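According to the UniProt record's numbering, the sequence shown holds residues 1 to 315 in order.
The beta carbon of each residue, even a glycine, is placed where N, CA and C say it ideally should be.
Please read all numbers here as calculations on a predicted model, not as lab measurements.
See below for the structure under consideration.
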Amino acid sequence: MTRFQDRQEGERVVDFYMIRDREVKRASNGTDYLNLTLERKLEYIPARLWDATEQHKQALIRRAVVKVDGVVTVYRQQKQLNIQRIRLATDEDPVTVAELISKPGLSREELWHELRMIIEEIQDETLLKLVKTMLGKKEIRERFTTIPASKATHHPYYAGLLEHVVEVCQSILQLSLIYGTINRDVVIAAAILHDIGKVAALHDPFAPEYTDEGEMIGHVVLGVELINQTAQELGISMDEPILLAVKHCILSQREQDEGATSFVYGPKTKEAILLAALDQLNGRLNSFELMASHAEERWTYSPLFKRKMFTPDND
1 MTRFQDRQEG
11 ERVVDFYMIR
21 DREVKRASNG
31 TDYLNLTLER
41 KLEYIPARLW
51 DATEQHKQAL
61 IRRAVVKVDG
71 VVTVYRQQKQ
81 LNIQRIRLAT
91 DEDPVTVAEL
101 ISKPGLSREE
111 LWHELRMIIE
121 EIQDETLLKL
131 VKTMLGKKEI
141 RERFTTIPAS
151 KATHHPYYAG
161 LLEHVVEVCQ
171 SILQLSLIYG
181 TINRDVVIAA
191 AILHDIGKVA
201 ALHDPFAPEY
211 TDEGEMIGHV
221 VLGVELINQT
231 AQELGISMDE
241 PILLAVKHCI
251 LSQREQDEGA
261 TSFVYGPKTK
271 EAILLAALDQ
281 LNGRLNSFEL
291 MASHAEERWT
301 YSPLFKRKMF
311 TPDND
């Protein structure tokens with residue numbers, strides 16, 4: 001698949017996209033136009049639809065899937081798509097929203113299968129029952145396996161949260177072989193549930209925005225509230241030491257993405273130290289990969305890292 005940034009000025013593009021964002025603006029000649037951000041396979045493409053009609057304004061909204069016929073133009077040294085024709089996708093079109101906003105090669109089904117196998121690594125009956133019960137709830141499972149891990153910072157795509165959780169868990173399984181005194185049950189359960197609050201903090205997987213609860217409370221506290229609620233349903237005491245250990249791991253997350261807040265003075269257990277480190281490592285490496293995939297030069301400034309990063313593959 002050819003990246004938009006690799007296309008040449010004047011090249012025609014015909015493809016399906018999801019409208020990530022849109023603005024109605026007024027041109028110098030007094031007509032309205034649509035300033036769009038189109039999304040496909042983690043590429044965000046600026047596009048313009050000139051002489052927008054009222055029908056365009058009503059139909060071309062955020063999250064709409066559209067078929068676009070346009071030409072690559074350059075404005076102020078930035079490539080954009082000048083739309084010649086556009087229509088909404090129909091049920092007969094060979095495209096879905098999930099396909100457009102997924103990471104190439106990512107399989108939600110395979111990741112879910114992998115996570116189910118990881119869950120079986122938990123030996124403690126209390127934690128095993130807690131995790132299985134939480135992810136066994138359809139409303140939680142459907143969102144947990146589809147929403148991104150963040151809006152923009154890391155894993156910001158369909159099923160990104162699931163991928164992030166599986167990757168962190170896989171790292172923990174490997175490192176627990178080296179750090180033999182780590183309580184594997186605690187850190188595995190905490191890794192699986194550390195971002196569970198995002199099912200309540202994010203609206204939907206397609207063009208995610210934060211809910212009022214996500215903005216005001218944050219996904220960390222929302223996650224612990226969900227854990228407490230499930231524990232009460234199962235008759236697990238709030239004073240259960242192993243439950244306390246899991247919640248400490250979750251509450252001592254570092255501030256590494258939108259909505260994350262550290263509510264305690266840093267990790268105070270081995271398990272919390274390990275989870276915090278691997279959570280941050282996984283998020284930052286994914287952020288770097290996304291930045292590098294869109295970079296056009298050898299050195300690229302990263303707002304996350306607050307410095308230029310070396311991306312030689314884009315020479």
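Range of the contiguous alpha helix (DSSP H) that encloses residue i
i    : result
T300 : Unbroken run through T300 is the beta strand (DSSP E), 299-302; no alpha helix (DSSP H).
A277 : 270-294
P46  : That residue, P46, is in no alpha helix (DSSP H); its beta strand (DSSP E) goes 43-49.
M216 : 212-216
K306 : Where K306 is concerned, there is no enclosing alpha helix (DSSP H), given that its DSSP letter is neither H nor E.
D185 : 184-193
E209 : Careful: E209 lies outside any alpha helix (DSSP H) and carries neither H nor E.
Exposure label - residue i; buried when at least 16 CB within 10 Å
i           : result
Q77         : exposed
S287        : buried
A27         : exposed
T2          : exposed
residue 325 : This structure does not reach residue 325, given that the chain is present from 1 up to 315, and the question cannot be answered.
M18         : buried
F144        : buried
T153        : buried
D279        : buried
G259        : Low local confidence applies: a pLDDT of 45 at G259 is under 50, so the model's placement there is unreliable, and no value is given.
T311        : buried
Residue closest to residue i, alpha-carbon to alpha-carbon, out of the options
i    : options              : result
I101 : E11, R63, I273       : R63
L36  : I86, Q8, R12, D6     : I86
N29  : V97, A52, R22, A89   : A52
T181 : K270, A276, A295     : K270
T230 : Y301, L127, P104     : L127
F305 : G283, V66, V246, L49 : G283
F4   : E23, R48, Q80        : Q80
R40  : M117, H194, V68      : V68
K198 : Y44, L42, I147       : I147
Residue i: first and last residue of the uninterrupted beta strand (DSSP E) it sits in
i    : result
I250 : No beta strand (DSSP E) contains I250, which is instead part of the alpha helix (DSSP H) from 241-251.
E23  : 12-26
Three-state secondary structure assigned by DSSP to residue i
i    : result
G223 : helix
D313 : helix
K67  : strand
D91  : coil
L177 : coil
D6   : helix
T53  : coil
I86  : strand
Chain D contact for residue i (CB, 7 angstroms cutoff)
i    : result
S176 : Any reference to chain D falls outside this structure, which holds one protein chain only.
| task | Kindly provide the ranges of any alpha helix (DSSP H) runs that are 4 or more residues long and lie completely inside the region 96-166, ordered along the chain. | result | Counting only runs of 4 or more, we get 97-101, 108-119, 125-136, 138-144.
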